[in-house]
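**Student:**
Number of protein chains: 2
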Amino acid sequence: MTTPKARGYHHGDLREALVVSGRKLLEDKGIRGFTLRECARRAEVSHAAPAHHFASMDDLLAELVRRGFAELTASMKAEADRIEGEPAARLVGLGVGYMAFAAANPALFQLMFSREANRIESKHGDAGADGVRRLQAAVVDEVLAHASGEVRQRAADFAWATMHGFITLVLEGEIGGRDSSRALKTRGLAALAAMAETVVRSAR
Amino acid sequence: MTTPKARGYHHGDLREALVVSGRKLLEDKGIRGFTLRECARRAEVSHAAPAHHFASMDDLLAELVRRGFAELTASMKAEADRIEGEPAARLVGLGVGYMAFAAANPALFQLMFSREANRIESKHGDAGADGVRRLQAAVVDEVLAHASGEVRQRAADFAWATMHGFITLVLEGEIGGRDSSRALKTRGLAALAAMAETVVRSAR
DNA sequence: TTTGACCTCTTTTCATCGTCAAGATTGGTA
DNA sequence: TACCAATCTTGACGATGAAAAGAGGTCAAA
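Heads up: the protein sequence lines correspond to chains A and B, in order. Each residue of the first sequence is one higher than the last, beginning at -19 in my numbering. Each residue of the second sequence is one higher than the last, beginning at -19 in my numbering.
1) If you reduce the DSSP assignment to three classes, tell me which class L172(A) lands in.
2) Alpha helix (DSSP H) containing N85(A): first to last residue?
3) Counting C-beta neighbours from all protein chains within 10 Å, is the total for G(-12)(B) 16 or more, i.e. buried, or is it exposed?
4) Applying a beta-carbon distance threshold of less than 9 Å, which residues of chain B neighbour H144(A)?
5) Would you list, in sequence order, the uninterrupted alpha helix (DSSP H) runs of no fewer than 4 residues that lie entirely inside the segment -14 to 28 of chain B?
6) Starting from the C-beta of L74(A), find all residues in its chain whose C-beta is less than 7 Å away, skip the five residues before and the five after it, and write them out in chain order.
7) From what residue to what residue does the alpha helix (DSSP H) around D137(B) run?
8) Measure from the C-beta of T178(B) to each C-beta in chain A and report whether the shortest distance is under 8 Å.
9) From E24(B), S161(B), R17(B), L40(B), pick the residue whose C-alpha is nearest to that of G(-8)(B); which is it?
10) Interface residues of chain A around N98(B) at Cβ under 8 Å?
11) Excluding the five sequence neighbours on either side, which residues of its own chain have a C-beta within less than 8 Å of the C-beta of H27(B), listed in chain order?
12) Closer than 7 Å, Cβ to any Cβ of chain A: which residues of the segment 49 to 72 of chain B, in chain order?
13) The alpha helix (DSSP H) spanning I100(A) covers which residue range?
14) Using CA coordinates, which residue listed in G129(B), A183(B), V123(B), T53(B) is at the minimum distance from G65(B)?
15) Beta carbon of H144(A): closer than 7 Å to some heavy atom of the ligand ADP?
16) In this structure, how does DSSP classify L124(A) when only helix, strand and coil are distinguished?
17) Can you tell me whether H33(A) is helix, strand or coil according to DSSP?
18) Which residues of the segment -11 to 4 of chain B have a Cβ closer than 7 Å to any Cβ of chain A? Give them in chain order.
19) Could you check how far apart the C-beta atoms of V45(A) and G108(A) are, in whole angstroms? I think they sit under 8 Å.
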């Protein structure tokens, strides 16, 4: 935590400061309002300083996406781990963690799952969603331990699609536009419960 | 179809030409590569000409989004209408139409359901997804004619979330990355079938 | 037919953006 | 201590969205 005046010519930890201010800026102004120069201003640094830490704007965005996926999987894992009982309940837990992260970081979440993210990542060869996929596949496999690979894959498709679709539509205002946050959580849990039930049922 | 040389000082139908070239550009370069000046170039017109038809870039994008929603509902309706039998089958048909539009217009589809779209539309007060919501609510109501309002709302949430989530994840490459188009359609239909079955089952 | 108002398009200008090149400053190391 | 590499600043370039001002074309009223 450097106070504004406390630094001289060198910043000290500009790379980290840019990640922080960039993330804030992304949520404030959206992807189209995201500007490298504004990131620099918020970090109280000249407009060309970021170039020494990120080769381009896409490079900074790629870092934000990378960290976003790490946090997303952590959030899912945390929610799932606090549930001891049924694997199906853990599947709901994954969804709760997924939606919690998305609700807390709507713009970043959208960026992570946008075509722009693919364009950005393709230069770096990274596929950040693999952690999410693995985490979910593992829990689905618990629920459907005795099912065929195809059934399990389709159940994983279905589970991911439901939780991703629900929170995406909520963030865009298409679902629960005037609902209270409380009521919305109830609707989300209902969707997750229906999803888990469908996955369980696909066993037979 | 005006040939390049066939026009004089006036374009004739620049507004429509900008919509066409803008839509193409959006799919070619993505939302972050979308440029008013490039739209103008593709319409073979000076960079300031669009201002007389669209007050700003957001204005043009809003028009693209508006038309996108009209086409999306039309595509859903067309697929649903060709199915005569069970209401549940029509629900799957809606999903097929939904995914077909999204697959044919991936960038536009993402824009329609992005936070940027909300930002853009809020200036125009338009909520383009209402047609989709109504269409789907109607079919869900057929399937669940005797259910309570809450059950029907949750079924509608669930149905929309599943089809939206699935196609969104496909477009981003998270589902079926190396699948053939044929295999992917099968996976999509499986997800839609599971969704319809769950909706039907929620009746009791 | 003439005229004049109005639309459409172009040219010019301005502030801002991403990126690059060159120079200033600093901290560590030999 | 003296150098060197990393860090940051300044200045420049081309591109962009938007606004202003002027040129070209259309069309209806006189």
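Glycine residues also receive a C-beta, built at the ideal position from the N, C-alpha and C atoms. Predicted model, so just to flag it, every value in this text is computed and none were measured.
**Tutor:** Let me lay it out:
1) Along the first sequence, one-based indexing puts residue 172(A) at 192. Three-state DSSP puts L172(A) in a helix.
2) Here residue 85(A) refers to the residue found at position 105 of the first sequence. Premise fails: N85(A) is in no alpha helix (DSSP H) and is neither H nor E.
3) The residue labelled residue -12(B) in the question sits at position 8 within the second sequence. The residue is exposed, with fewer than 16 neighbouring Cβ atoms inside 10 Å.
4) By one-based count along the first sequence, residue 144(A) stands at place 164. The contacting residues are A141, H144, G145, F146, T148, L149, E154.
5) -6 to 9, 16 to 22
6) Indexing the first sequence from 1 puts residue 74(A) at position 94. Answer for L74(A): M56, E59, A60, L115, Q116, V119, listed in chain order.
7) Here residue 137(B) refers to the residue found at position 157 of the second sequence. Start and end: 129 to 152.
8) Counted from its first residue, the second sequence places residue 178(B) at position 198. Cβ-Cβ to chain A under 8 Å: yes for T178(B).
9) One-based indexing of the second sequence puts residue -8(B) at position 12. Ranking E24(B), S161(B), R17(B), L40(B) by Cα distance to G(-8)(B) puts E24(B) first.
10) In the second sequence, residue 98(B) corresponds to position 118, counting from 1. Going along chain A in sequence order, the residues near N98(B) (Cβ under 8 Å) are E152, G153.
11) Here residue 27(B) refers to the residue found at position 47 when the second sequence is read from its first residue. L16, R17, A20, R21.
12) none
13) Reading the first sequence from its first residue, position 120 is the one you call residue 100(A). Unbroken alpha helix (DSSP H) run through I100(A): 95 to 102.
14) Walking along the second sequence from the start, residue 65(B) turns up at place 85. Of the candidates G129(B), A183(B), V123(B), T53(B), the one whose C-alpha sits nearest the C-alpha of G65(B) is V123(B).
15) The ligand ADP is not among the ligands present in this structure, which contains no ligands whatsoever.
16) As a first step, residue 124(A) is located in the first sequence; it is residue number 144 there, counting from the start. Note: L124(A) maps to coil in three-state DSSP.
17) Sequence index remark: in the first sequence, residue 33(A) carries index 53 (1-based). The answer is coil: DSSP assigns H33(A) none of H, G, I, E or B.
18) none
19) Counted from its first residue, the first sequence places residue 45(A) at position 65. Counted from its first residue, the first sequence places residue 108(A) at position 128. That belief holds up - the Cβ atoms of V45(A) and G108(A) are roughly 6 Å apart, short of 8 Å.
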